[in-house]
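Q:
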Amino acid sequence: MTIHVPEALEPARGDYAWLGAESDSVADRMYMLNTEDWREAINSRFVNELLDDTLPEEILKSYLIQDFKFYNNGMMARLIKLAPRQETKDMLAAQSQWFADNEATYFQHFLEAYHVSQQEYDDTEQTQANRDYGAYLDTLSDKSWPELITAICCMEWLYLAWAKRTVDAGVVQQVPAHKGWVDLHEGAHFRKWVGDLIALVNEYCSIDGPEAEVFRTIVHLERRFFDDSYPQD
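One point on numbering: in the numbering used here, the residue at position 158 of the sequence shown is 189, and numbering is uninterrupted.
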């Protein structure tokens, strides 16, 4: 039986200095302005049950369907187009291919493993949180590079943050779909990816610019996405 994974502690300045978000850096300040939603998201019921291997199968299936529908949101293509340097374009393009080779195949494998037919997938309506999240990303389609890089940084950083809980606790999930989802969002490759995004936020973004509101909105939407994995009254 999997050991209980403790919840993440109250956020503090410099929590992610090891990733490049040094205390009082732009990225760290954005993080510290959104601690309530951030902590609620990475300690959400969905994350807790996934890490503890107690997540009901029907909830997991619903989440996989919702997240795979969200997966093709076009963010990476827009980022690559706007990236100010060729080396940044190359880094983003390589990560985009990694997503296709690893994350997309994860969804496909486990949707099949849980006997989700194409008809069930197609007939499943997006949750309100998923629709709102997608609609918000659509509003960013014509926004600036700082706003877009802040959005993807926040999304990926928050996922690393919840997955890191189980690594810190030394707990390995026994349910393959749970372990696979953790493995996609923790480890040397994903840490390097998030660190690269944080470095770009620190270089190009400002706490006084519109990107600060983008960070706040993404954290809130991520929290809602987890919460909407369960039937809503």
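Ideal placement from N, C-alpha and C gives every residue a C-beta, glycine not left out.
#1: What's the C-alpha gap between residue 221 and residue 139?
#2: Whole alpha helix (DSSP H) runs in the stretch 79 to 137 with 4 or more residues, listed along the chain?
#3: With burial defined as no fewer than 16 other Cβ atoms inside 10 Å of the residue's Cβ, what is the status of residue 183: buried or exposed?
#4: Throw me the rounded Cβ distance for the residue 226 and residue 51 pair, which I believe falls under 8 Å.
#5: So residue 166 is in the alpha helix (DSSP H); what residue range does that whole segment cover?
#6: Excluding five sequence neighbours on each side, which residues of the same chain lie with their C-beta closer than 7 Å to the C-beta of residue 167?
#7: Between the C-alpha atoms of residue 267 and residue 214, what's the straight-line distance to the nearest angstrom?
#8: Of the residues 241, 152, 210 and 179, which one's Cα is nearest the Cα of residue 106?
#9: Nearest CA to the CA of residue 75: which residue from 151, 194, 241 and 219?
#10: Quick check on DSSP: helix, strand or coil for residue 153?
#11: Determine whether the beta carbon atoms of residue 137 and residue 211 lie at a separation below 8 Å.
#12: Should residue 96 go down as buried or exposed, given a rule of 16 or more other Cβ atoms within 10 Å for buried?
#13: So, for residue 239: in the same chain, excluding its five sequence neighbours on each side, which residues have a beta-carbon less than 6 Å away from its beta-carbon?
#14: Which residues bound the alpha helix (DSSP H) around residue 223?
#15: How far does the alpha helix (DSSP H) with residue 62 in it reach, from first residue to last?
#16: Count the C-beta pairs between the stretch 230 to 238 and the stretch 55 to 65 that are closer than 8 Å, then say yes if the count reaches three, no if not.
#17: Could you tell me the distance, in whole angstroms, from the CA atom of residue 119 to the CA atom of residue 258?
#18: Could you give the DSSP three-state label for residue 174: helix, strand or coil?
A: To lay it out plainly:
#1: Locating residue 221 in the sequence shown gives position 190, where the first residue counts as 1. Locating residue 139 in the sequence shown gives position 108, where the first residue counts as 1. Rounded to whole angstroms, the gap between the alpha carbons of residue 221 and residue 139 is 20 Å.
#2: Listed in chain order, they are 88 to 102, 106 to 113 and 117 to 129.
#3: Numbered from its first residue, the sequence shown carries residue 183 at position 152. Classification of residue 183: buried, given that the 10 Å Cβ count is 16 or more.
#4: Your numbering for residue 226 matches position 195 in the sequence shown. Your numbering for residue 51 matches position 20 in the sequence shown. Indeed they touch by this definition, with Cβ atoms about 5 Å apart.
#5: Counted from its first residue, the sequence shown places residue 166 at position 135. Residue 166 -> alpha helix (DSSP H) spans 159 to 170.
#6: In the sequence shown, counting from the first residue as 1, residue 167 sits at position 136. These residues qualify, in order along the chain: 248 and 252.
#7: Beyond the ends of the chain as shown, which are 32 and 264, falls residue 267; an answer cannot be given.
#8: Taking the sequence shown and counting its residues from 1, one reaches residue 106 at position 75. Nearest to residue 106 by alpha-carbon distance, out of 241, 152, 210 and 179, is 179.
#9: Taking the sequence shown and counting its residues from 1, one reaches residue 75 at position 44. Distances from the alpha-carbon of residue 75 to those of 151, 194, 241 and 219 put 194 closest.
#10: Locating residue 153 in the sequence shown gives position 122, counting from the first residue. If DSSP states are grouped into helix, strand and coil, residue 153 belongs with the helices.
#11: Position 106 of the sequence shown, counting from 1, holds the residue named residue 137. Position 180 of the sequence shown, counting from 1, holds the residue named residue 211. Going by C-beta atoms, residue 137 is nearer than 8 Å to residue 211.
#12: Counting from one through the sequence shown, the residue named residue 96 turns up at place 65. By the 10 Å Cβ count, residue 96 comes out buried.
#13: Within the sequence shown, numbered from 1, the residue matching residue 239 stands at position 208. Closer than 6 Å at Cβ, skipping near neighbours: no residue.
#14: Taking the first residue of the sequence shown as 1, we reach residue 223 at position 192. Counting along the chain, the alpha helix (DSSP H) containing residue 223 begins and ends at 219 to 235.
#15: Working through the sequence shown from its first residue, we reach residue 62 at position 31. Per DSSP, residue 62 belongs to the alpha helix (DSSP H) from 57 to 63.
#16: Result yes; three or more Cβ-Cβ pairs closer than 8 Å.
#17: Taking the sequence shown and counting its residues from 1, one reaches residue 119 at position 88. Taking the sequence shown and counting its residues from 1, one reaches residue 258 at position 227. The C-alpha of residue 258 is placed about 34 Å away from the C-alpha of residue 119.
#18: In the sequence shown, the residue the question calls residue 174 occupies position 143. Residue state, collapsed to three classes: coil.
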